[in-house]
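Here the structure comes first, spelled out in structure tokens, and everything after it is commentary.
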Amino acid sequence: MFLHSNATSHKWVFGAIAELVDNAVDEIENGASFVIVDKISNPRDGSPALLIQDDGGGMDPEAIRRCMSFGFSDKKSKSAIGQYGNGFKTSTMRLGADAIVFSRHADDRVLTQSIGLLSFTFLTQTGHDRIVVPMVDYELNTAGNLEILDRYGKEYFMSNLSLLLQWSPYSTEAELLKQFEDIGLHGTKVIVYNLWFNDDGNVELDFDTDPEDIRINGDIKEVQTRPAWRTVNEEHISNRLRYSLRAYLSILYLRIPENFTIVLRGGFVKHHNLALDLKFQEFIVYRPQSSGCIKGELLTTIGFLKEAPQVTVHGFNIYHKNRLILPFWPIVNYGNNSRSRGVVGVLEANFVEPTHDKQDFERTSLFQKLEVRLKEMTWEYWDYHCGLIGYQVIKKLRPTEPPPDSPLGISTSDTLKHGLSSKRKEHSDLDKLESIKRQAGTGANAFLSGHGFETEVVSDIKNKLEDQDVVNLIQVNKNFRAKCLDYKKRTEDLDLKVTRLRSELGQVRTEYEQLMAELTS
């Protein structure tokens, strides 16, 4: 019951697969260069099973026990995606009834390989009232032979091996050990078998429709739009990611190192940068605050989809620590109103925390403030740019009462609302300060005149707003310049490292050739 309740915390099957892929991505810092997601056959009955394999650092006997027990997490890196220590268990049990793990680890000239089984079938059919995870460990001795690592005694090892042979897909110890042949010096292989069925009695994961993809059975829904626009909407990635694992994995990470590859069913997954799908882009800086303290700086890329207005999708793609949490989150419900149609944003929000299944965020006050700000961004962007995709430009209405943020009711905390758009910056407009200042001044003049303020007060406030524009834009410019200098320095450091490594490689090759010559002689 505990395993089942944990598994149901993952509502979406692709979310469970993403959790296992996250573990491989976290291993990049330990040398991982790929993760493989594929279908294999269960040798016992020929049923489909799901394979996830990486060439990361692998797990030693202690680490695999922490991985397959409950409530542990070794991920202390700030960049690590996983943090709860429960992801492996919840994700594997969401995908199927049983999972077997093979992991090889090399450290201090000691090579170990471990096998563990987390089996819902085994626990229920044997009537266990607690979670028992059979495991066996091996070690490569100095003679190069594999020997049993029986730290708990030979009897304990044989008992666990017997359970593995009875309940895993492999009926002999030789077949178990054969699974390490393609792992290499270090890495981990997870096989989930006895995959769950959907309500229609079919295996939830569809391996047959597309031999280069994994799909969700029966999850393709008809897009409600004009008949002439239906095809382009159905083929858009915002729709395909709901049922195609290849589409979902292509946008799962905001950045992917060049030396890391996701391989799905034998084919590379091409990384898809959603920001490149946008036209008429703007970059908007948001600095979240809590208790009067700034919690960070967030840069949002916002624009119209290239296919707009034919593609009616809208919303924000919100990442956390490089991992997609909310894809195309429809922050504005436009109903019969087209305001926001085709407006899409991309941002990385590391100041809010995701839920345990990484499919939503905790509803904290910081997240609620972000939600309000993104709505404002959407409406503001639409009102100023909808004419670019054929809609009538919306004229901003004067507010019925001043906003409460300042003594005169003018908010200058983030974006100057009600017609004061001084912080909306296009990427090519940083050098157009005078134009932005004039826009801010005009908005202020219209607002204040409409409320009966004298000309002198209007002029004074205009000057203050313009000065604030200058300060804000200069500061943003400084930040961008500092980032550029930092990237330049890192590039130079990497170039030096490449030169040094090439030199060392040349020396090693020379030494290798000398040794081969000696060996031949």
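Under our numbering, read the sequence shown as residues 946 to 1466, first letter to last.
Every residue gets a Cβ at the ideal spot worked out from N, C-alpha and C, and that includes glycine.
Source: prediction; values computed, not measured.
- prompt: Between the Cα of residue 1256 and the Cα atoms of 1212, 1223 and 979, which residue gives the shortest distance?
  reply: In the sequence shown, residue 1256 corresponds to position 311, counting from 1. Taking only the C-alpha atoms, the option nearest residue 1256 is 1223.
- request: Assign residue 1420 to one of three DSSP states: helix, strand, or coil.
  value: Residue mapping note: residue 1420 aligns to position 475 of the sequence shown, counting from 1. Reduced to three states, the DSSP call for residue 1420 is helix.
field: Three-way DSSP call (helix, strand, coil) for residue 1145 in this model
entry: For the purposes of this step, residue 1145 is taken as residue 200 along the sequence shown, with counting starting at 1. Residue state for residue 1145 is assigned as coil, using DSSP reduced to three classes.
- prompt: Under 7 Å, do residue 1049 and residue 1003 count as touching if we go by C-beta distance?
  reply: Counting from one through the sequence shown, the residue named residue 1049 turns up at place 104. Counting from one through the sequence shown, the residue named residue 1003 turns up at place 58. Yes, these two residues count as a Cβ contact at 7 Å.
- prompt: Whose C-alpha, out of 1189, 1230 and 1434, is nearest the C-alpha of residue 1417?
  reply: Residue numbering aside, residue 1417 sits at position 472 when the sequence shown is read from its first letter. If we check each option's Cα against that of residue 1417, 1230 comes out closest.
message: For residue 1248 and residue 1325, I'd like the C-alpha separation in whole angstroms.
response: Locating residue 1248 in the sequence shown gives position 303, counting from the first residue. Locating residue 1325 in the sequence shown gives position 380, counting from the first residue. Distance from the CA atom of residue 1248 to the CA atom of residue 1325, rounded to whole angstroms, is 11 Å.
Member of 1031, 985, 1212 and 973 whose CA lies at the smallest distance from the CA of residue 1300: Reading the sequence shown from its first residue, position 355 is the one you call residue 1300. Answer by Cα proximity: 1031.
- prompt: Are there 16 or more other CB atoms within 10 angstroms of the CB of residue 964, so buried, or fewer, so exposed?
  reply: Looking up residue 964 in the sequence shown gives position 19. Buried: at least 16 other Cβ atoms inside 10 Å.
query: Across which residues does DSSP place residue 1138 in a beta bridge pair?
result: Residue mapping note: residue 1138 aligns to position 193 of the sequence shown, counting from 1. Note: residue 1138 is bridge-paired with 1043 in the DSSP secondary-structure output.
Supposed close pair residue 1289, residue 1338 - CB separation, criterion 8 Å: On the sequence shown, residue 1289 is found 344 positions in, with the first residue counted as 1. On the sequence shown, residue 1338 is found 393 positions in, with the first residue counted as 1. Not quite, the Cβ-Cβ distance comes to about 20 Å (not below 8 Å), so this is no contact.
- prompt: Which partner residues of residue 1260 appear in the DSSP bridge assignment?
  reply: The count along the sequence shown starts at 1 and reaches residue 1260 at position 315. Looking at the DSSP assignment, residue 1260 forms a beta bridge with 1289.
field: Assigned exposure category for residue 888 - 16 Cβ within 10 Å defines buried
entry: A query on residue 888 cannot be resolved here, the shown segment of the chain reaching from 946 to 1466 and no further.
query: What distance in whole Å lies between the Cβ atoms of residue 1192 and residue 1185, which are believed to be in contact at a cut-off of 8 Å?
result: In the sequence shown, the residue the question calls residue 1185 occupies position 240. In the sequence shown, the residue the question calls residue 1192 occupies position 247. Confirmed, Cβ separation roughly 4 Å.
Beta-bridge partners of residue 1213, as assigned by DSSP: Counted from its first residue, the sequence shown places residue 1213 at position 268. The partner list for residue 1213 (beta bridge, DSSP) reads 1208.
message: Among the candidates 1274, 1189 and 1177, whose CA atom is the shortest distance from the CA of residue 1163?
response: The residue given as residue 1163 occupies position 218 in the sequence shown. It is 1189.
query: Can you pull the DSSP bridge partners for residue 1425?
result: Numbered from 1 along the sequence shown, position 480 holds the residue referred to as residue 1425. Partner(s): none; residue 1425 has no beta bridge.
- prompt: Would you call the CB atoms of residue 1142 and residue 993 closer than 7 Å?
  reply: Position 197 of the sequence shown holds residue 1142. Position 48 of the sequence shown holds residue 993. No, the Cβ-Cβ distance between residue 1142 and residue 993 is not below 7 Å.
- request: Have a look at residue 1429 and residue 1246 and give me their C-alpha separation to the nearest angstrom.
  value: The sequence position of residue 1429 within the sequence shown is 484, counting from 1. The sequence position of residue 1246 within the sequence shown is 301, counting from 1. Within the model, the alpha-carbon separation for residue 1429 versus residue 1246 is close to 18 Å.
message: Please state the DSSP three-state secondary structure of residue 1158.
response: Reading the sequence shown from its first residue, position 213 is the one you call residue 1158. In the structure shown, residue 1158 sits in coil (DSSP, three-state: anything other than H, G, I, E or B).
message: Measuring only the C-alpha atoms, how far is residue 1042 from residue 1009?
response: Residue 1042 sits at position 97 when you count from the first residue of the sequence shown. Residue 1009 sits at position 64 when you count from the first residue of the sequence shown. Going from the Cα of residue 1042 to the Cα of residue 1009 covers about 19 Å.
message: Checking 7 Å against the spacing of the C-beta atoms, do residue 1138 and residue 987 come in under that value?
response: Locating residue 1138 in the sequence shown gives position 193, where the first residue counts as 1. Locating residue 987 in the sequence shown gives position 42, where the first residue counts as 1. Yes, Cβ-Cβ distance for residue 1138 and residue 987 is below 7 Å.
message: The beta strand (DSSP E) that contains residue 1080, what's its start and end?
response: Position 135 of the sequence shown, counting from 1, holds the residue named residue 1080. Note, residue 1080: beta strand (DSSP E), 1080-1085.
Collapsed DSSP secondary structure at residue 1462 in the structure displayed: As a working note, residue 1462 is residue 517 in the sequence shown. Shown here, residue 1462 sits in a helix according to DSSP, grouped into three states.
task: Flag this pair as yes or no: are the beta carbons of residue 1291 and residue 1312 separated by less than 7 Å?
output: Locating residue 1291 in the sequence shown gives position 346, counting from the first residue. Locating residue 1312 in the sequence shown gives position 367, counting from the first residue. Cβ distance not < 7 Å, so residue 1291 and residue 1312 don't count as in contact.
Euclidean distance between Cα positions of residue 1058 and residue 1463: Counting from one through the sequence shown, the residue named residue 1058 turns up at place 113. Counting from one through the sequence shown, the residue named residue 1463 turns up at place 518. So the alpha carbons of these two residues sit roughly 35 Å apart.
task: For residue 982, name the three-state secondary structure that DSSP assigns.
output: Translated into the one-based positions of the sequence shown, residue 982 becomes position 37. Judged by DSSP in its simplified three-state form, residue 982 adopts strand.
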